[in-house]
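Engineer: Using the UniProt record's numbering, the first residue of the sequence shown is number 1, and each one after it goes up by one.
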Amino acid sequence: MLFLDIDAVKRNATRYIEQQRRTFFGSRGVITDYVDLPPTYKDEEGLPFRKGGDLDLAETATIFQGFPDMTPWRANNLLKILHGRRVAGTLDDPELQVNIESFSLREVERALEYLRKMVPVDEITNAGLRAEDELRALEEEMSVQEADGKDAPPKDGERRSSGGWIYKQTGNQNVYGESVLDKIRARNIAKREAEEKALEEKRKLEEEAGQQNWGGLATYQPGGARPLQVMSPKEEEYRAAATSDLEAPPEVPRWRLLLPATLFVATLLPFLWWAADFYTPLGEGKRLMPWTSEGNATVYGLLLINLAVFVAWRRMSLWKFMNKWLIMDMAIPKPIGTVTAIFSHQTTTHLVENMFFLWLLGGLLHNEVNRAEYLTVFLSCGATGFLASLYKCVLSRHLTYGLGASSATFGVICAYFWLYKFEGFKILGLPPDPYNGVQGLGVIGLIVGMNLIPAFRGLPGQKDWMSHLAGIATGIGFAELIERRRKDKEGGGKSVAVEGKQVNYLKV
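(1) Take P250 as the anchor and find which of L135, C381, D329 and E95 has the nearest alpha-carbon.
(2) Can you tell me which of F310, V252, P120 and I453 puts its alpha carbon nearest to the alpha carbon of H468?
(3) For E284, I'd like the list of residues in its chain whose CB is within less than 6 Å of its CB, leaving aside the five on either flank, ordered along the chain.
(4) Exposed or buried, what is A408 when buried is set at 16 or more other beta-carbons lying within 10 Å of its beta-carbon?
(5) Taking 8 Å as the threshold (C-beta atoms), are F478 and S344 in contact?
(6) Leaving out five residues before and five after R287 in sequence, what residues of the same chain have Cβ atoms less than 8 Å from its Cβ?
(7) Taking only heavy atoms of the ligand GTP into account, decide whether any of them is closer than 7 Å to the Cβ of L441.
(8) Could you tell me whether the segment 70-86 touches the segment 95-108, using the rule of 3 or more Cβ pairs below 8 Å?
(9) At what residue ranges does the UniProt domain "Peptidase S54 rhomboid" (338-479) contain a whole run of the beta strand (DSSP E), taking only runs of 3 or more?
(10) Compare the beta carbon distance of G382 and G471 with 8 Å and say whether it is the shorter of the two.
(11) Going by the CB atoms, is the gap between E132 and L91 shorter than 8 Å?
(12) Residues in the same chain with beta-carbon distance under 6 Å from V403, minus the five sequence neighbours each way, listed in chain order, please.
(13) Measuring straight from C-alpha to C-alpha, what distance separates P281 and Y114?
(14) Rounding to the nearest angstrom, what Cα-Cα distance links A276 and N367 in this structure?
(15) Please report the Cβ distance between I476 and V369, rounded to the nearest whole angstrom; I am assuming they are in contact, meaning their Cβ atoms lie under 8 Å.
(16) Tell me which residues share the same chain as A111 and place their Cβ nearer than 6 Å to its Cβ, disregarding the 5 neighbours each side in the sequence.
(17) Evaluate the contact criterion for the segment 356-365 versus the segment 313-322: three or more CB pairs, one atom per stretch, below 8 Å.
(18) In three-state terms, what does DSSP make of D488?
(19) Starting from K324, trace the alpha helix (DSSP H) both ways and give me its first and last residue.
(20) Tell me which same chain residues have a C-beta within less than 7 Å of the C-beta of M466, skipping the five on either side of it?
(21) Can you list, in chain order, the residues of its chain with a C-beta nearer than 8 Å to that of E318? Leave out the 5 residues immediately preceding and following it.
(22) Ordered along the chain, which non-local residues of its own chain (more than five positions away) have a Cβ less than 6 Å from that of L441?
(23) Would you kindly work out how many angstroms separate the C-alpha atoms of T125 and R86, rounded to a whole number?
(24) Could you work out which residue in L37, D93, E107 and P94 is closest to D69 when comparing CA atoms only?
(25) Among E59, L428 and G84, which has the Cα closest to the Cα of T40?
(26) In three-state DSSP terms, what is D133?
(27) Hey, out of R136, P38, W73 and P72, whose CA is closest to E193's CA?
(28) So, are the CB atoms of V443 and G411 less than 8 Å apart?
(29) Distance check for R397 and L430, CA to CA, integer angstroms please.
(30) Which residue's Cα is closest to the Cα of Y300: R371, K487 and L135?
(31) Apart from the five residues just before and just after R22, which ones in its own chain have a Cβ nearer than 8 Å to its Cβ?
(32) Drop a sphere of 10 angstroms on the beta-carbon of E401, count the other beta-carbons inside from all chains shown, and report buried for 16 or more, exposed for fewer.
(33) Using the C-alpha atoms, what's the distance from P333 back to F64?
(34) Under 8 Å by Cβ, that's how I've got L257 and V394 pegged, so tell me the actual separation to the nearest angstrom.
(35) Please state whether DSSP places D329 in a helix, a strand or coil.
(36) With a threshold of 16 other CB atoms inside 10 Å of the CB of T292, please say whether the residue is buried or exposed.
Spelled out as structure tokens, the structure:
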């Protein structure tokens, strides 16, 4: 004979109905209550901890400052597991620590600090509800054993897996009978289980195929990160050598981080501008690319340098050198990084985007100046952009790293349009005559507006809008210097010979 606790059944029915009501009428947002815990929850997979999707690289660097090994993939995995435990009431379960044993205690503490700040969860209530379910499951199992006189297998829906005790009764517990909501929920659960089974089989097949394929591309992960893969001993050696041993940013005054780079850039810009005045073009027979114009050759050279550095990032043996000299590290800034980081790109999308605009519009300025002046503007805009980004990161304690040619590219583009700020520009013959097209000031305003959107709306991502705006401002400043140098050379006239060509200048 089986004895049941009627009060316990009523409590289960009430909680089950409340769970149905929340699931049916509530939003599919972040789960924070134990009664909403899905029956397919697993500790090693966790639960989504925010509506906006996984963290990207910039957000990971902000949350886990001082943790050089914390990639977006590892961070999202840890946060999902910990959030799931907060909801499931298993945060202190020692049997589940195997799923986070690859994370240090400091990483776990930092992740919990972030979750408790951003995702409020009543951890005590959830733990209490879980304890009630576990105790009730044990009592019913003991009652069955006493009635049958032998050990009985657990009922369908009661299981103890790597996620700990998850007491979920799949049968109908509603004292009022099975409702329409019960049928809908049962059908959805069956459909979800079938989909998960199919996905699990597909994943196993992909893993088996991956063991036979040593090449190919890695699976894309949100935020640009890749899942950790097994490395050879030599690759582990390269990775260890390229990783900083700092567990946290050094505690130094902010001015000590800013002063060296500030002095370097403040000295570099006037020196380059002064040296550019002594430039003499090479003869046609001495040029490396005599088949094209000097302007095209300069732009092609910049494209090749950026491509070479991009390829170098694919060589693990070069990581130590690249991390030291080819990025702008905001935690331990090197002044030379304001220049070398201009030529550094780690992702294909970043490289293609910057090089496309440099090829499409970046060469326009070279038609108005010589090679030395063009490179002066390019390098100065990039260096000033990284300096501005350094100030922003240090003053806001957002110690990450920067790289890319976007500020330099925006600088040379806006310098050209500033030279012709009142002239009209047509795109693909539009607008038609007799309209003059968009003025140079309008093009600059459009570029500035696109870079101000992340600043005012606080959009997530990795676009360094401060660096872009500083590069644009520097380019406009050099455009004024170019006009002044023209007037000095021509004695106040309207034109000056540049590289053997007669150039007509802006007429206002």
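Using N, Cα and C, we set each Cβ at its ideal position, and we do this for glycine too.
Keep in mind that this is a model prediction, so the values were computed, not measured.
Structural biologist: The relevant details are as follows:
(1) Reading the sequence shown from its first residue, position 250 is the one you call residue 250. For the residues L135, C381, D329 and E95, the minimum Cα distance to P250 belongs to D329.
(2) The sequence position of residue 468 within the sequence shown is 468, counting from 1. Ranking the options by Cα distance to H468, first place goes to I453.
(3) Taking the sequence shown and counting its residues from 1, the one referred to as residue 284 is at position 284. Answer for E284: P290, listed in chain order.
(4) Indexing the sequence shown from 1 puts residue 408 at position 408. Buried is the call here.
(5) Counting from one through the sequence shown, the residue named residue 344 turns up at place 344. Counting from one through the sequence shown, the residue named residue 478 turns up at place 478. No, the Cβ-Cβ distance between S344 and F478 is not below 8 Å.
(6) As a first step, residue 287 is located in the sequence shown; it is residue number 287 there, counting from the start. Hits under 8 Å: E294 and A297.
(7) Absence of the ligand GTP is noted for the structure shown, with no ligands found whatsoever.
(8) yes
(9) none
(10) Start at 1 with the first residue of the sequence shown, and residue 382 comes out as number 382. Start at 1 with the first residue of the sequence shown, and residue 471 comes out as number 471. Yes.
(11) Along the sequence shown, one-based indexing puts residue 91 at 91. Along the sequence shown, one-based indexing puts residue 132 at 132. Taking 8 Å as the Cβ cut-off, L91 and E132 do not qualify as a contacting pair.
(12) For this step, residue 403 is matched to residue 403 along the sequence shown. Residue 403 is actually Leu in this sequence, not Val. So the list reads I327, A341 and S344, once near-sequence residues are dropped.
(13) Sequence index remark: in the sequence shown, residue 281 carries index 281 (1-based). Sequence index remark: in the sequence shown, residue 114 carries index 114 (1-based). Distance between the alpha carbons of P281 and Y114 is about 58 Å.
(14) Taking the sequence shown and counting its residues from 1, one reaches residue 276 at position 276. Taking the sequence shown and counting its residues from 1, one reaches residue 367 at position 367. Distance between the alpha carbons of A276 and N367: 16 Å.
(15) Counting from 1 along the sequence shown, the entry for residue 476 is found at position 476. Counting from 1 along the sequence shown, the entry for residue 369 is found at position 369. Going by Cβ atoms, the distance from I476 to V369 rounds to 15 Å, so no, they are not a contact pair.
(16) For the purposes of this step, residue 111 is taken as the residue at position 111 of the sequence shown. Answer for A111: L78, L79 and L82, listed in chain order.
(17) no
(18) Here the question's residue 488 lines up with position 488 in the sequence shown. It is helical.
(19) Here the question's residue 324 lines up with position 324 in the sequence shown. Element bounds for K324: W319 to W325.
(20) Within the sequence shown, the letter at position 466 stands for residue 466. For M466, where only same-chain residues beyond five positions count, the Cβ hits under 7 Å are A388, S389 and K392.
(21) Position 318 of the sequence shown, counted from the first residue, corresponds to residue 318. In the sequence as presented, Glu is not what sits at residue 318; that position holds Leu. So the list reads A312, once near-sequence residues are dropped.
(22) As a first step, residue 441 is located in the sequence shown; it is residue number 441 there, counting from the start. Cβ within range, chain order: K421.
(23) The residue labelled residue 125 in the question sits at position 125 within the sequence shown. The residue labelled residue 86 in the question sits at position 86 within the sequence shown. Rounded to whole angstroms, T125 to R86 spans 10 Å at the Cα level.
(24) Numbered from its first residue, the sequence shown carries residue 69 at position 69. Nearest C-alpha to D69: E107.
(25) The residue given as residue 40 occupies position 40 in the sequence shown. The residue with the shortest Cα to Cα distance from T40 is G84.
(26) The count along the sequence shown starts at 1 and reaches residue 133 at position 133. Correct three-state label for D133: helix.
(27) As a working mapping, residue 193 is identified with position 193 in the sequence shown. Per the Cα distances, P38.
(28) Position 443 of the sequence shown, counted from the start, is the residue given in the question as residue 443. Position 411 of the sequence shown, counted from the start, is the residue given in the question as residue 411. Going by C-beta atoms, V443 is not nearer than 8 Å to G411.
(29) Looking up residue 430 in the sequence shown gives position 430. Looking up residue 397 in the sequence shown gives position 397. If I take the Cα positions, the gap works out to 46 Å.
(30) The count along the sequence shown starts at 1 and reaches residue 300 at position 300. The option with the nearest alpha carbon to Y300 is R371.
(31) The residue you call residue 22 lines up with position 22 of the sequence shown. Residue placement at R22 is flagged as unreliable, the pLDDT there being 38, under the threshold of 50; the coordinate-derived value follows with that caveat. Around R22: D33, V35 and D36.
(32) Taking the first residue of the sequence shown as position 1, residue 401 is located at position 401. It is worth fixing the name first, because residue 401 is Tyr in this sequence and not Glu. Answer is buried; the Cβ neighbour count reaches 16.
(33) Stepping through the sequence shown from its first residue, residue 64 is reached at position 64. Stepping through the sequence shown from its first residue, residue 333 is reached at position 333. F64 and P333: Cα-Cα distance of roughly 19 Å.
(34) In the sequence shown, the residue the question calls residue 257 occupies position 257. In the sequence shown, the residue the question calls residue 394 occupies position 394. With 8 Å as the limit, L257 and V394 qualify as a contact, their Cβ atoms being about 5 Å apart.
(35) Within the sequence shown, numbered from 1, the residue matching residue 329 stands at position 329. The answer is strand: DSSP assigns D329 an E or B state.
(36) Walking along the sequence shown from the start, residue 292 turns up at place 292. By the neighbour-count rule (16 or more Cβ atoms within 10 Å), T292 is not buried but exposed.
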